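A.B. asks:
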Amino acid sequence: MMYLLWIFSLTFIYLIMKRKQKKRIDEILDLIDRLNHQNYSIPMKQDYFTILEDQIYKLFLRIVEEKEQIKKLSRIQIENLENISHQIKTPITTMLFDLEMLEKDEKNSREIEKLITQLNRLNSLTEILLKISNLDAQIENMQYETILVEEIFDYALEILEEDVDRKGIKIIEEYNGEYIFVDFYWMSEAIINILKNAINLSECNTIKVRSIDNPIFTNISIEDNGGGIKKEYINKVFQRFYKAPDSNGFGIGLSMARTIIENNNGEIKVENGEEGAIFNIKIYKVN
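In full-length UniProt numbering, the protein residues as written are 1 to 287.
#1: How long is the line joining the alpha carbons of T168 and A156, rounded to whole angstroms?
#2: With distances taken Cα to Cα, identify the nearest neighbour of I180 among L254, E162, E151.
#3: Let me confirm a value: V237 is counted as buried when at least 16 other C-beta atoms fall within 10 Å, else exposed. Which label applies?
#4: Report buried or exposed for T218, applying the criterion of at least 16 other Cβ atoms within 10 angstroms of its Cβ.
#5: Residues in its own chain within less than 7 Å of L160 by CB, not counting five upstream and five downstream?
#6: Taking I171 as part of the beta strand (DSSP E), name the residues at either end of that continuous run.
#7: State yes or no: is the C-beta of G266 within less than 7 Å of the C-beta of K285?
#8: Just the C-alpha distance for I116 and S124, rounded to the nearest angstrom, thanks.
#9: For E273, which of R240, Q239, G226, A257 has the nearest alpha-carbon?
#10: Ignore the nearest five residues each way along the sequence and tell me which others in I268's own chain have a CB closer than 6 Å to its CB.
#11: Can you tell me whether N176 is buried or exposed? The criterion is at least 16 other CB atoms within 10 Å of its CB, across all chains shown.
#12: Considering only the beta carbon of each residue, do L96 and L129 sit closer than 7 Å?
#13: Check E127 in the structure and name its three-state DSSP category.
#14: Please return the same chain residues whose Cβ sits closer than 8 Å to the Cβ of G215, not counting the five positions on each side in sequence.
#15: Measuring CB to CB, does E178 end up less than 7 Å from D154?
#16: Looking only at its own chain, which residues have a Cβ that is under 6 Å from the Cβ of I147, when we skip the five neighbours before and after it?
#17: In the DSSP assignment, what are the bridge partners of I180?
#18: CB-CB under 7 Å to E275, same chain, minus the five flanking residues each way: which ones, in chain order?
#19: Exposed or buried, what is I172 when buried is set at 16 or more other beta-carbons lying within 10 Å of its beta-carbon?
#20: Check this for me: beta carbons of I234 and F279, under 7 Å apart or not?
#21: Along the chain, where does the alpha helix (DSSP H) that runs through residue 340 open and close?
#22: Name the residue from M187, G228, D165 whose alpha carbon lies nearest to the alpha carbon of E271.
#23: Identify which residue in T94, K231, I220, A190 has its Cα closest to the Cα of S255.
#24: Decide if K208 is buried, meaning its Cβ has at least 16 other Cβ atoms within 10 Å, or exposed.
#25: With a threshold of 16 other CB atoms inside 10 Å of the CB of N205, please say whether the residue is buried or exposed.
#26: Can you tell me the Cα-Cα spacing of Y242 and E232, whole angstroms?
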């Protein structure tokens, strides 16, 4: 009888302890949830779970502090880049104006024309740097909306209309009413950069744009007939500031396009087709 009572008592104590443990584990899970929702109050209890709670609390505070520090440094970086770009842009604009006035004198027109070309390139670079800083600042605050793929290309091709007409490039478009959930402005910027890359190819006279839908993602392909990308360069085209030896660009456009697409729930890859490069963009569905 005493033996059974002893067994019963031990079982009862064990069940009580298990119940208390479960309760404290639930409290710790609740603490983690509150910390995730920026509620940093911590219950004052003294037991063998208190050390664990304290360590979790300290870890969360450290993560929050480091995150804020990174944000602060990022903001400073962006502000510095914007300041530098503006400081470069102002004298360039002034010099361009002065040179255009001097160009009217035919004696030095050829040399002045060369200077204007180089200053225009510098001017373009500062505009690109400003766009990069703007993208870095807005990367976590994009304005997503459901939009037709065709509308994005209509906007992009309108921006590039002068370049397309100047080079006599034929644009072939095939859409099937696909919608994607993206930031319209930044997705258009990505498409503009990819199209501009094709337009600037000396051999390119046709660009084909297609979009196809499936239950998982929308695939957008941009294909040119500009001769393709050399095998040794194809894995480098999305690297920031990388440009092929025969390129006149700055090596920023395609890198920027990839950053934008990846921050719009997508991915981009490039391959060589029969006549040129094919850029395939996948924009994944958002539930």
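Cβ atoms here follow ideal geometry from the backbone N, Cα and C, with glycine treated the same way. Keep in mind that this is a model prediction, so the values were computed, not measured.
C.D. replies: On the basis of the supplied data:
#1: The identity of residue 168 in the sequence shown is Gly, whereas the question assumes Thr. If I take the Cα positions, the gap works out to 17 Å.
#2: Closest by alpha carbon: E151.
#3: buried
#4: buried
#5: I192, L195, K196, I199
#6: 170–174
#7: no
#8: Cα-Cα distance, rounded: 12 Å.
#9: Note on identity: in this sequence residue 273 is Gly, with Glu being the wrong assignment. The residue among R240, Q239, G226, A257 with its C-alpha nearest the C-alpha of G273 is G226.
#10: Correct list, in chain order: R258, I261, I281.
#11: Burial call: exposed.
#12: No, Cβ-Cβ distance for L96 and L129 is not below 7 Å.
#13: helix
#14: Just to set this straight, residue 215 is Pro in the shown sequence, not Gly. Same-chain partners within the cutoff: K285.
#15: no
#16: Contacts found: F184.
#17: I147
#18: Once the five neighbours on either side are set aside, the close Cβ partners of E275 are N225.
#19: exposed
#20: no
#21: Residue 340 falls outside the range modelled here, since the chain spans only 1 to 287, and no answer is possible.
#22: G228
#23: A190
#24: buried
#25: Label assigned to N205: exposed.
#26: Cα atoms of Y242 and E232: separation of roughly 13 Å, rounded to the nearest angstrom.
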